[in-house]
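Below is one structure, written out as structure tokens, with a few remarks after it.
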């Protein structure tokens with residue numbers, strides 16, 4: 001198994017691959033932080049004689065930008081570990097790896113993988129991720145709708161132009177329509193996956209969620 005340290009940022013994956021029987025050689029690569037970037041990374045590993053199942057990717061699991069790449073890397077057949085960056089930092093300090101350059105961060109991640117043998121990470125099943133994405137989109141629309149509703153109240157109070165009020169009302173109708181469409185999709189998704197029933201029951205207990213919300217405005 002060869003360890004691949006992956007330093008994750010919003011747009012880039014800065015990577016260090018350890019090679020050799022003693023992991024004493026390294027190669028570096030920078031790719032985009034998206035699915036195509038991960039596929040490019042796997043092809044690059046293949047050029048160094050490694051199939052995906054011979055690669056163990058190690059990345060910070062506490063940030064905002066790792067999930068898609070970690071999931072894609074896992075789906076290629078690679079082993080993935082998400083680690084606490086504080087542990088990696090402490091490890092680097094003990095190895096006198098004090099620099100904060102991107103290359104050294106990914107090197108520290110790779111070497112930490114060799115030394116600590118961190119546990120393997122498994123992504124949530126695809127149907128669970130799909131439900132999460134649907135709910136997240138509903139929540140984003142709900143927040144936008146609340147802001148528009150507040151603007152409409154202010155417009156009413158300040159005697160704003162009729163065109164302004166009409167525009168805001170049209171926006172509210174759009175949000176209601178999209179939220180209703182997502183609610184139907186969420187219901188259908190849950191109906192097709194019995195193991196999601198418990199999640200649905202929990203959502204239904206929380207006021208204002210996609211499983212427990214007020215009816216749409218009647219004038220839309």
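Residue numbers (UniProt numbering): 1 to 220.
Each residue gets a CB set at the ideal place from its N, CA and C atoms; glycine is no exception.
The residue among 90, 131 and 125 with its C-alpha nearest the C-alpha of residue 112 is 90. Shortest Cα-Cα distance from residue 16 to any of 41, 34 and 22 involves 41. Spanning the alpha carbons of residue 138 and residue 198 requires a straight line of approximately 19 Å. Relative to the Cα of residue 55, the nearest Cα in the group 149, 2, 11 and 75 belongs to 2.
Taking C-beta separations shorter than 8 Å and ignoring five residues to either side along the sequence, the partners of residue 87 in its chain run 112 and 116, following chain order. For residue 123 against residue 74, the beta-carbon gap comes to about 6 Å, under 8 Å, which counts as contact. The C-alpha of residue 150 lies about 10 Å from the C-alpha of residue 144. For the UniProt domain "Transposase IS110-like N-terminal" (4-154), the full-length beta strand (DSSP E) segments reaching 3 residues or more read 12-19, 25-32, 55-60 and 79-83 along the chain. Closest option to residue 105, judged by alpha-carbon separation, among 67, 59 and 65: 59.
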